Amino acid sequence: MPILAFLLVFGLCAFDAPLYTQPVVRVTFVNNDRAQRAVDNFDNVDHTTKQHITGQLLNTSRRGHLVRFGNTFSASGAMDARLRTGQSVFVQRQNGGYQMLDVKRDGVVLGLLAATLVLMALVVKRRVWLTFGSLFANVLLLLVTLHLETSPANQQLAYLLFSCMAVLFTLVTTVFIAGFSRQAAVIATATIGATGLAVALGYALFSLTNYRDLHIEAMNYVTQVPQLLFFVQIIIGSLGAVLDESNDIAVAVMQLPHDPKRRFKAGMAIGRNVMGPLIAVLFMIFIADTFSESILWLRNDNALTQTFIWVMGLGFAQALVSAFGIVLAVPLTAGLATIAGKGAADEHI
Numbered sequence: 008m009p010i011l012a013f014l015l016v017f018g019l020c021a022f023d024a025p026l027y028t029q030p031v032v033r034v035t036f037v038n039n040d041r042a043q044r045a046v047d048n049f050d051n052v053d054h055t056t057k058q059h060i061t062g063q064l065l066n067t068s069r070r071g072h073l074v075r076f077g078n079t080f081s082a083s084g085a086m087d088a089r090l091r092t093g094q095s096v097f098v099q100r101q102n103g104g105y106q107m108l109d110v111k112r113d114g115v116v117l118g119l120l121a122a123t124l125v126l127m128a129l130v131v132k133r134r135v136w137l138t139f140g141s142l143f144a145n146v147l148l149l150l151v152t153l154h155l156e157t158s159p160a161n162q163q164l165a166y167l168l169f170s171c172m173a174v175l176f177t178l179v180t181t182v183f184i185a186g187f188s189r190q191a192a193v194i195a196t197a198t199i200g201a202t203g204l205a206v207a208l209g210y211a212l213f214s215l216t217n218y219r220d221l222h223i224e225a226m227n228y229v230t231q232v233p234q235l236l237f238f239v240q241i242i243i244g245s246l247g248a249v250l251d252e253s254n255d256i257a258v259a260v261m262q263l264p265h266d267p268k269r270r271f272k273a274g275m276a277i278g279r280n281v282m283g284p285l286i287a288v289l290f291m292i293f294i295a296d297t298f299s300e301s302i303l304w305l306r307n308d309n310a311l312t313q314t315f316i317w318v319m320g321l322g323f324a325q326a327l328v329s330a331f332g333i334v335l336a337v338p339l340t341a342g343l344a345t346i347a348g349k350g351a352a353d354e355h356i
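If you count the sequence shown from 1, position 78 lands on 85 in my numbering, and the numbers rise without skipping.
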């Protein structure tokens, strides 16, 4: 079923060009020049090839007309793409001709999204609408927060805006997961508390060390105070893992017989079991996010220590603070679940 959903959406996207205002061209003919060898001063070798493209416009008032434009791609494919017959690309009119902007990839993106949604529906079954509702609500919250934050009048309130967004994320998600119940209250309180304590601990440690070897100014594409957005990234990055862990502990503990000591020990044991994999996942995401840039720095004769400090340092620090939150969530959730679990797990507030 997921594969069929992918193929169906992918096929439909081949005919959606009229929905775009940007000109879309389907490549009908490609002529490649001979590849040119390029070597930089670090002895990195690459090959670039110029392409002469002929294509047919799929939208706008000139639909059906043939257009010609050029494209240059490299063997490394770092900042470009090789065009092949049958592909669709976005172009813009320039100096009486056309220039390629980007490859049209909506078919792949929407196809993967459709496959993911179908797979979720098959696995989650009856609760799939709760999952979709939670995702939709969280995306809507993010869009509203970004709209407010990018307003010049609100840029100094970025930390407050995203902190409120994190709290709303947690509340909305827990309500979709557990409804209005003791269990939801425990999950939300533990998640917000552990995340807040982790960020406070990270801020205290960074301040005591005066941010030594932590180059916050190296954050990409930042036009506001980088320190502020650095901690916003930590809050958003750690929230999901802490929420997942708190949910696992609370659900299990609140189903046990009412024995406070036994409940707390069970919660701690569950937390120890899930804590390691969650921290490992965070670090793997961090490594994957910085891997390609780290290779580029090392290939350009930068030292390993310099590469780590400038490329991997911020991500590593964020992963560490997120790990603080995961660790702190274990006793916090176990304790709250022990205190709150006076009745049945599904007892509503």
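Yeah, the Cβ is synthetic: ideal placement off N, Cα and C, and Gly gets one too. Keep in mind the model is a prediction, meaning the values are calculated, not measured.
Nearest-angstrom Cα separation, counted from K57 out to G322 = Locating residue 322 in the sequence shown gives position 315, where the first residue counts as 1. Locating residue 57 in the sequence shown gives position 50, where the first residue counts as 1. So the alpha carbons of these two residues sit roughly 37 angstroms apart.
What distance in whole Å lies between the Cβ atoms of V258 and Q190, which are believed to be in contact at a cut-off of 8 angstroms?
-> Numbered from 1 along the sequence shown, position 183 holds the residue referred to as residue 190. Numbered from 1 along the sequence shown, position 251 holds the residue referred to as residue 258. Between Q190 and V258, the beta carbon gap of about 7 angstroms places them in contact (Cβ cut-off 8 angstroms).
Would you mind reading off the limits of the beta strand (DSSP E) that contains N254?
-> What you label residue 254 is simply residue 247 of the sequence shown in a count that begins at 1. Counting along the chain, N254 falls outside any beta strand (DSSP E), though it belongs to the alpha helix (DSSP H) covering 233–260.
For F187 and chain D, any beta-carbon pair shorter than 8 angstroms?
-> Looking at the structure shown, chain D is missing, and only one protein chain is on hand.
Would the region 35–52 and the region 116–123 be scored as touching if the rule is three or more Cβ pairs under 8 angstroms?
-> no
Which residue from A88, I199, S83, F97 puts its Cα closest to that of V74?
-> Residue mapping note: residue 74 aligns to position 67 of the sequence shown, counting from 1. Comparing Cα-Cα distances from V74 to each of A88, I199, S83, F97, the minimum goes to F97.
In the DSSP assignment, find the beta strand (DSSP E) that holds T56 and state where it starts and stops.
-> Position 49 of the sequence shown holds residue 56. Run containing T56: 52–64, per the beta strand (DSSP E) assignment.
In terms of residue numbering, what span does the beta strand (DSSP E) encompassing S95 cover?
-> Counting from 1 along the sequence shown, the entry for residue 95 is found at position 88. Under the DSSP assignment, S95 falls in the beta strand (DSSP E) whose first and last residues are 95–101.
For the beta strand (DSSP E) holding V46, just list the boundary residues, first then last.
-> In the sequence shown, residue 46 corresponds to position 39, counting from 1. Its beta strand (DSSP E) spans residues 43–46.
Whose C-beta lies closer than 7 angstroms to the C-beta of A128 among residues of the same chain, with five residues either side of it excluded?
-> Taking the first residue of the sequence shown as 1, we reach residue 128 at position 121. If we look at A128 and ignore the five residues flanking it on each side, its Cβ neighbours are V135.
Would you identify the three-state DSSP class for E354, choosing helix, strand or coil?
-> As a working mapping, residue 354 is identified with position 347 in the sequence shown. Because the pLDDT of E354 is 48, which lies under 50, any placement of that residue in the model is unreliable, and the number read from its coordinates should be weighed accordingly. In the three-state reduction of the DSSP assignment, E354 falls in the coil class.
Contact check, F331 vs G140 under 8 angstroms by CB: the rounded distance?
-> For the purposes of this step, residue 331 is taken as residue 324 along the sequence shown, with counting starting at 1. For the purposes of this step, residue 140 is taken as residue 133 along the sequence shown, with counting starting at 1. That pair is no contact at about 31 angstroms.
How is I10 classed by DSSP in three states: helix, strand or coil?
-> The residue you call residue 10 lines up with position 3 of the sequence shown. Looking at I10 - three-state DSSP - the assignment turns out to be helix.
Give the DSSP-derived three-state secondary structure of A275 in the structure shown.
-> Numbered from its first residue, the sequence shown carries residue 275 at position 268. Reading off the sequence, residue 275 comes out as Met, not Ala. It is helical.
In whole angstroms, what separates the C-alpha of G342 from that of L15?
-> Taking the sequence shown and counting its residues from 1, one reaches residue 342 at position 335. Taking the sequence shown and counting its residues from 1, one reaches residue 15 at position 8. Distance between the alpha carbons of G342 and L15: 49 angstroms.
Proximal residues to Q244 (C-beta, below 7 angstroms), its chain only, five neighbours per side dropped = Here residue 244 refers to the residue found at position 237 when the sequence shown is read from its first residue. Reading the sequence as shown, one finds Gly at residue 244 and not Gln. Cβ-Cβ distances below 7 angstroms link G244 to Q325, S329 in the same chain, with the five nearest sequence neighbours on each side left out; the list follows chain order.
Below 8 angstroms between beta carbons: does that hold for T198 and S253?
-> The count along the sequence shown starts at 1 and reaches residue 198 at position 191. The count along the sequence shown starts at 1 and reaches residue 253 at position 246. Yes.
From the DSSP output, read off the bridge partner residues of N145.
-> If you number the sequence shown from 1, residue 145 lands on position 138. N145 is not bridged to any residue.
Give the secondary structure of L26 by DSSP, where H, G and I count as helix, E and B as strand, and everything else as coil.
-> For the purposes of this step, residue 26 is taken as residue 19 along the sequence shown, with counting starting at 1. Helix at L26.
Among L142, A144, L168, which one has its Cα closest to the Cα of L153?
-> On the sequence shown, position 146 is the one that residue 153 refers to. The residue with the shortest Cα to Cα distance from L153 is L168.
Find the nearest neighbour of F13 within the set V115, V193, M261, judged by alpha-carbon distance.
-> In the sequence shown, counting from the first residue as 1, residue 13 sits at position 6. That would be V115, whose Cα lies nearest to the Cα of F13.
Over what stretch of residues does the alpha helix (DSSP H) that includes F80 continue unbroken?
-> Your numbering for residue 80 matches position 73 in the sequence shown. Element bounds for F80: not the alpha helix (DSSP H) but the beta strand (DSSP E), 73–81.
Under the three-state reduction of DSSP, which class applies to L208: helix, strand or coil?
-> Along the sequence shown, read from residue 1 onward, the residue named residue 208 stands at position 201. Of the three classes helix, strand and coil, the one that applies to L208 here is helix, per DSSP.
Contact under 8 angstroms by Cβ, I277 with D255 | If you number the sequence shown from 1, residue 277 lands on position 270. If you number the sequence shown from 1, residue 255 lands on position 248. Contact flag set, yes.
Which of helix, strand or coil DSSP assigns to F169 | Here residue 169 refers to the residue found at position 162 when the sequence shown is read from its first residue. Here F169 sits in helix by DSSP.
L108 - containing alpha helix (DSSP H), residue span = The residue you call residue 108 lines up with position 101 of the sequence shown. Here L108 belongs to no alpha helix (DSSP H); instead the beta strand (DSSP E) covers 104–110.
Consult DSSP for R33 and reduce its assignment to one of helix, strand or coil.
-> Translated into the one-based positions of the sequence shown, residue 33 becomes position 26. Strand.
L221, DSSP secondary structure in three states | Numbered from its first residue, the sequence shown carries residue 221 at position 214. DSSP places L221 in coil when its eight states are reduced to three.
Following the continuous alpha helix (DSSP H) through V115, name the residue where it begins and the one where it ends.
-> For the purposes of this step, residue 115 is taken as the residue at position 108 of the sequence shown. Segment 113–131, the alpha helix (DSSP H) holding V115.
Through-space distance from L175 to R306, alpha-carbon basis = As a first step, residue 306 is located in the sequence shown; it is residue number 299 there, counting from the start. As a first step, residue 175 is located in the sequence shown; it is residue number 168 there, counting from the start. Between R306 and L175, the C-alpha separation is close to 44 angstroms.
On the premise that L108 lies in contact with V359, defined as a C-beta separation below 8 angstroms, what is that separation, rounded to the nearest angstrom?
-> The requested residue 359 does not occur in the structure, where the chain is confined to residues 8 to 356.
For M291, count neighbouring C-beta atoms within 10 Å of its own C-beta (all shown protein chains included) and say buried if the count is 16 or more, exposed if not.
-> As a working note, residue 291 is residue 284 in the sequence shown. Per the 10 Å Cβ criterion, exposed.
In chain order, what residues of the same chain lie with their CB nearer than 8 angstroms to the CB of M282, ignoring the 5 residues before and after it?
-> One-based indexing of the sequence shown puts residue 282 at position 275. Answer for M282: E252, I333, V334, V337, listed in chain order.
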